[in-house]
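Enquirer: This is the structure I want to talk about, given as structure tokens.
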Amino acid sequence: MIDKRRALFFLIFISCLVFFIGGVYGFVIEEEKNLQNADSRSFFPEFERVNENFLFDKDSQETFFGAEYKGYIIEFEDKSIVRYKLDLEEEVKENQKYIEESFFLNPKRIYLQVSGVSSEKIDTEVEKYKLVLESKSERIKNKILFKVGDG
């Protein structure tokens, strides 16, 4: 009796596995087809792309011209200045909460009071970060210009 149950369980398990793998395989094939057709479709369904710089609005029958192609968009890995400032403000709130809730001789509390980021230091820290980002982007720009041959 146990062998029949095991055989039935094994058969059901294999059937489910085959069904699942077939479904995933079919989904992957469908996604590949969608990606292959992505170049031919417009990513804005309300517009129809006529050529590289020309969009046609299907609803209002208006035409829009895009900007001339001037180069590449480069996305840096560093945080934006706004994100950095928000992170600093959050850190100040957490530090303040820890200072208020901890024992006055706690070493971490003393460290945060002496060298932690305070609300008065946020603007200067953001300015320092802004200068670092500007110099970094200038270095990267110069490297790119050197490699392209324009600099």
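For the working numbering, count along the sequence shown from 1 and bump the result up by 3.
Every residue, glycine too, gets a C-beta built ideally from N, C-alpha and C.
1. With respect to the alpha helix (DSSP H) encompassing K131, which residues constitute its N-terminal and C-terminal limits?
2. For the pair the region 132–144 and the region 79–91, tell me if three or more CB-CB distances fall below 8 Å.
3. Alpha carbon to alpha carbon, how far is I143 from V151?
4. Report the three-state DSSP secondary structure of F13 (helix, strand or coil).
5. From S18 to R9, what does the alpha carbon distance come to, in whole angstroms?
6. Go through its chain and collect everything with a Cβ distance to L91's Cβ below 8 Å, but skip five positions before and after it.
7. Since E78 is in the alpha helix (DSSP H), which residue starts that stretch and which ends it?
8. Relative to the alpha-carbon of K139, which residue among K7, F12, K111 and E78 has its alpha-carbon at the smallest distance?
9. Round the Cβ separation of L115 and I102 to the nearest angstrom and send it over; I've been treating them as touching at under 8 Å.
10. Can you tell me whether N98 is buried or exposed, with buried defined as 16 or more other CB within 10 angstroms of its CB?
11. Can you name, in chain order, every residue of its own chain whose Cβ lies under 6 Å from the Cβ of E94, other than the five neighbours on each side?
Expert: Taking the definition as stated:
1. I125 to V151
2. yes
3. 12 Å
4. helix
5. 14 Å
6. V120, I125, E128 and V129
7. No alpha helix (DSSP H) contains E78, which DSSP labels as neither H nor E.
8. E78
9. The Cβ separation is near 6 Å, so the contact holds.
10. buried
11. V120
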